[in-house]
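Let me begin by presenting the structure, written as structure tokens, before commenting on it.
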Amino acid sequence: MGWRVRGDGLGESQDRCSRARPGCVSDDSTQPNSTSLSHPSSFTAENIRNVRATEKELPSQLHMEATIFDGGHLTMNGRADFLHEPHIAFHGDMSVDGMQVKELLPVTRPRNIDVADGVLSANGRVTYAPELHELRIDARLIQNLKADLRYVEESATSAAHHATPHAERMQSQPHQSEKFVDSPKWTFYLEQGTIENGELGFINTFTKPSYRLVVSNSTLSLNRWSNQQSDDVSK
Numbered sequence: 103m104g105w106r107v108r109g110d111g112l113g114e115s116q117d118r119c120s121r122a123r124p125g126c127v128s129d130d131s132t133q134p135n136s137t138s139l140s141h142p143s144s145f146t147a148e149n150i151r152n153v154r155a156t157e158k159e160l161p162s163q164l165h166m167e168a169t170i171f172d173g174g175h176l177t178m179n180g181r182a183d184f185l186h187e188p189h190i191a192f193h194g195d196m197s198v199d200g201m202q203v204k205e206l207l208p209v210t211r212p213r214n215i216d217v218a219d220g221v222l223s224a225n226g227r228v229t230y231a232p233e234l235h236e237l238r239i240d241a242r243l244i245q246n247l248k249a250d251l252r253y254v255e256e257s258a259t260s261a262a263h264h265a266t267p268h269a270e271r272m273q274s275q276p277h278q279s280e281k282f283v284d285s286p287k288w289t290f291y292l293e294q295g296t297i298e299n300g301e302l303g304f305i306n307t308f309t310k311p312s313y314r315l316v317v318s319n320s321t322l323s324l325n326r327w328s329n330q331q332s333d334d335v336s337k
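Position in the sequence shown (first residue = 1) + 102 = my numbering.
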């Protein structure tokens, strides 16, 4: 996912999302799943050098506060190397408060998840560098989440494809999520996550009649979840 900061003196974003309105998610095919952060209320960087830092050195202290997704608040504190190649490197703490998760619909819908409502708060640490992208969340809370998982039958692209046994097709065409599991470049770890007062549904429109199963007023928790199988097992 590509991150862009848009605001006075910080450079312009080229995606159509940021031109439409602040803090929205773009579904532009040229920049898939690109997320725009807009209207930073505070952006401070110290000790910005015009010479390259030594390996693994992050010489500049950075602080940023921004409004995201129509009222959410993002805070980042850490250190950065603005001359790191091929892009900036950052490591530090982050927190998100009051973010409307429905703004992530352009990202979730292609994955057959429709998000209608919910407010996200989270805090953790982030590392963003060419050799490693790591996000470690200490606590995440989603309140009043309304979301549906849509069942979608596998479409046949050709008669030969349709005739191929399902197991063979799955082996020959790895699912996108497999690229995320045990990725050497991406690490995601969730220490504690909670959904409060959730309304979670399952929709199947391929039956007659179609149906929607709903679990309302639900509270779910997920602890110690990671995309790295070597980490602790989730609960």
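Even for Gly, the Cβ is constructed at its ideal location relative to N, Cα and C.
Asp245 - partner residues in DSSP beta bridges:
On the sequence shown, position 143 is the one that residue 245 refers to. The question names Asp, yet the displayed sequence has Gln at residue 245. In DSSP, Gln245 forms a bridge with Val221, Glu298.
According to the neighbour-count rule (16 or more other Cβ atoms, all chains shown, within 10 Å of its Cβ), is Gly300 buried or exposed?
Translated into the one-based positions of the sequence shown, residue 300 becomes position 198. Buried, by the Cβ-count rule.
Of the residues Leu234, Arg211, Val203, Thr229, the one placed nearest Ser220, counting alpha carbons only
As a working mapping, residue 220 is identified with position 118 in the sequence shown. The question names Ser, but residue 220 is Gly in the sequence shown. The shortest C-alpha to C-alpha distance from Gly220 to any of Leu234, Arg211, Val203, Thr229 is the one to Val203.
Taking contact to mean at least 3 C-beta pairs separated by less than 8 Å, is the stretch 238-245 in contact with the stretch 206-214?
Because the criterion of three Cβ pairs below 8 Å is not met, the stretch 238-245 and the stretch 206-214 do not touch.
Quick check on this structure: which residue in His235, Thr229, Asn225, Ile215 has the alpha carbon closest to the alpha carbon of Leu247?
Position 145 of the sequence shown, counted from the start, is the residue given in the question as residue 247. Taking the Cα of Leu247 as reference, the smallest distance to any Cα among His235, Thr229, Asn225, Ile215 is reached at Ile215.
Exposed unless 16 or more other CB atoms sit within 10 angstroms - verdict on Gly173:
Looking up residue 173 in the sequence shown gives position 71. Looking at its Cβ environment, which holds fewer than 16 other Cβ atoms inside 10 Å, Gly173 is exposed.
Three-state class that DSSP yields for Pro124 in the structure shown:
Residue numbering aside, residue 124 sits at position 22 when the sequence shown is read from its first letter. Note that Pro124 has pLDDT 41, beneath the 50 cutoff, so the model's placement of it is unreliable and the number below is only indicative. Pro124 sits in coil when the DSSP states are folded into three classes, being neither helix nor strand.
May I have the straight-line CA-CA distance separating Ala231 from Phe184, to the nearest angstrom?
To locate residue 231, count along the sequence shown from 1; it is residue 129. To locate residue 184, count along the sequence shown from 1; it is residue 82. Cα to Cα, Ala231 sits roughly 11 Å from Phe184.
Report yes if the C-beta distance between His165 and Asn179 is below 8 Å; otherwise report no.
Counting from 1 along the sequence shown, the entry for residue 165 is found at position 63. Counting from 1 along the sequence shown, the entry for residue 179 is found at position 77. Contact annotation: His165 and Asn179 have beta-carbon atoms nearer than 8 Å.
Would you mind sorting Val283 into buried or exposed? The rule is 16 or more other CB atoms within 10 Å of its CB.
Within the sequence shown, numbered from 1, the residue matching residue 283 stands at position 181. Under this definition Val283 is an exposed residue.
Could you tell me whether the Cβ atoms of Thr229 and Ser197 are closer together than 8 Å?
Position 127 of the sequence shown holds residue 229. Position 95 of the sequence shown holds residue 197. In this structure, Ser197 does not lie closer than 8 Å to Thr229 by Cβ.
Looking at the unbroken beta strand (DSSP E) that takes in Leu324, where does it start and where does it end?
As a first step, residue 324 must be located in the sequence shown, where it is residue number 222. Run containing Leu324: 313-328, per the beta strand (DSSP E) assignment.
Does Leu292 pass the burial test, meaning 16 or more other C-beta atoms within 10 Å, or should it be called exposed?
The sequence position of residue 292 within the sequence shown is 190, counting from 1. By the neighbour-count definition (other C-beta atoms within 10 Å, threshold 16), Leu292 is a buried residue.
Label Val217 either buried or exposed according to how many other C-beta atoms from any shown protein chain fall within 10 Å of its C-beta, with 16 as the threshold for buried.
Translated into positions along the sequence shown, residue 217 becomes position 115. The Cβ neighbour count for Val217, taken over all protein chains shown within 10 Å, is at least 16; the residue is labelled buried.
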